[in-house]
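Comments concern the structure below.
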Amino acid sequence: MATHKALVQGSNGDPSHKICIFGPQYCYPHQFQLLMKEKFFRLRDDCFDIKDTAGNTFFQVKNPFKTVRQKHVLKDVYGNDICKMKKKLCALRYTWHMLAGENLEERRVTMAFRHFALHKKCYVYVYEPPYPKDDDPTETGHLQPLIMMKSSVFGFDIKVYDGQHQEVQYAHMSKDAFRDILLSHGDDSYCVTIEPGVDVAFMTALALMWDYAVSDMNKNN
Numbered sequence: 019m020a021t022h023k024a025l026v027q028g029s030n031g032d033p034s035h036k037i038c039i040f041g042p043q044y045c046y047p048h049q050f051q052l053l054m055k056e057k058f059f060r061l062r063d064d065c066f067d068i069k070d071t072a073g074n075t076f077f078q079v080k081n082p083f084k085t086v087r088q089k090h091v092l093k094d095v096y097g098n099d100i101c102k103m104k105k106k107l108c109a110l111r112y113t114w115h116m117l118a119g120e121n122l123e124e125r126r127v128t129m130a131f132r133h134f135a136l137h138k139k140c141y142v143y144v145y146e147p148p149y150p151k152d153d154d155p156t157e158t159g160h161l162q163p164l165i166m167m168k169s170s171v172f173g174f175d176i177k178v179y180d181g182q183h184q185e186v187q188y189a190h191m192s193k194d195a196f197r198d199i200l201l202s203h204g205d206d207s208y209c210v211t212i213e214p215g216v217d218v219a220f221m222t223a224l225a226l227m228w229d230y231a232v233s234d235m236n237k238n239n
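Convert by adding 18 to the 1-based position in the sequence shown; the result is the number in this note's numbering.
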């Protein structure tokens, strides 16, 4: 099993890639920002606009399975699949899986939530080859969390930390409080700031899974 240090530093043999899950093409040497806006009055086949600060579409999110917040596919701007995000049903805690590889059937990541009175927190576990399959049991006891995500008390700020060293921050999600409180449309909007050398596609998928899971929690509570 690869150590946490091996996963975090020197991904793909390049020490400038702090976290590289989906390829070095998504690891930039400078801080990077994306704007994520959930579409309102749209079918969830195409549920989020994800653009860079210049207004260019950067990623696409599709829901080809026609389910509500259950299975979504993150694609690049050309329509190529990057990963599938899937809610685990029949779980004690809110759990989401990130699937990639051939036919998007290899489980690469598990996100497991902890719900506290004043904030929400989740741990992100990254698997090493041979990857478990989609329907294999969810086992994370042999893994150290690569990432820890934690919200502020009101949920408008979500920080993405190193799972073992919380003084190390990889990304920051800022939720548009005006849209959330005053407009009350249920369509969320985020600014995601990603640190240099951190996989932008991976952080985007985590941000989407966080939104899907928290929306589901709020609906069911």
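All residues carry an ideal CB built from backbone N, CA and C; glycine is no exception.
- A225: member of the alpha helix (DSSP H) spanning 218-238, first to last residue.
- With a 10 Å radius around the Cβ and a threshold of 16 neighbouring Cβ atoms, G181 comes out buried.
- With 16 or more other Cβ atoms from the protein chains shown falling within 10 Å of its own Cβ, K104 counts as buried.
- If you draw a straight line from the Cα of T71 to the Cα of P163, it is about 31 Å long.
- By the neighbour-count criterion, in which 16 or more other beta carbons inside 10 Å mark a residue as buried, R125 falls on the buried side.
- By the Cβ neighbour-count rule, Q49 is exposed, with fewer than 16 other Cβ atoms within 10 Å of its own.
- Just measuring C-alpha positions, the residue of V79, Y145, K138 sitting nearest S169 is K138.
- Out of Q51, C101, L226, the CA that lies nearest to the CA of I39 is found in C101.
- In this structure, I165 sits near V142, with a CB-CB distance shorter than 8 Å.
- In this structure T113 is buried. Its beta-carbon is surrounded by 16 or more other beta-carbon atoms within 10 angstroms.
- V210 sits away from M227, with the two beta carbons spaced by 8 Å or more.
- The Cβ atoms of K36 and L52 lie no closer than 8 Å to each other.
- A direct Cα-Cα distance of roughly 6 Å separates E213 from A189.
- Q51 carries a strand assignment under DSSP once its states are collapsed to helix, strand and coil.
- In the structure shown, E157 adopts coil according to DSSP, grouped into three states.
- By the beta-carbon neighbour count (other beta carbons within 10 angstroms, threshold 16), T75 is exposed.
- It is roughly 15 Å from the alpha-carbon of E146 to the alpha-carbon of P155.
- DSSP, reduced to helix, strand and coil, places Y145 outside both helices and strands of the structure shown, so it counts as coil.
- DSSP, reduced to helix, strand and coil, places Q187 within a strand of the structure shown.
- By the criterion of a C-beta distance shorter than 6 Å, C45 is surrounded in its chain by H35, C38, G215, D217, once the five residues flanking it on both sides are discounted.
- Beyond the five residues adjoining it in sequence on each side, A231 comes within less than 8 Å, by CB distance, of K105, Y112, W114, M129, F131, C140 in the same chain, given in chain order.
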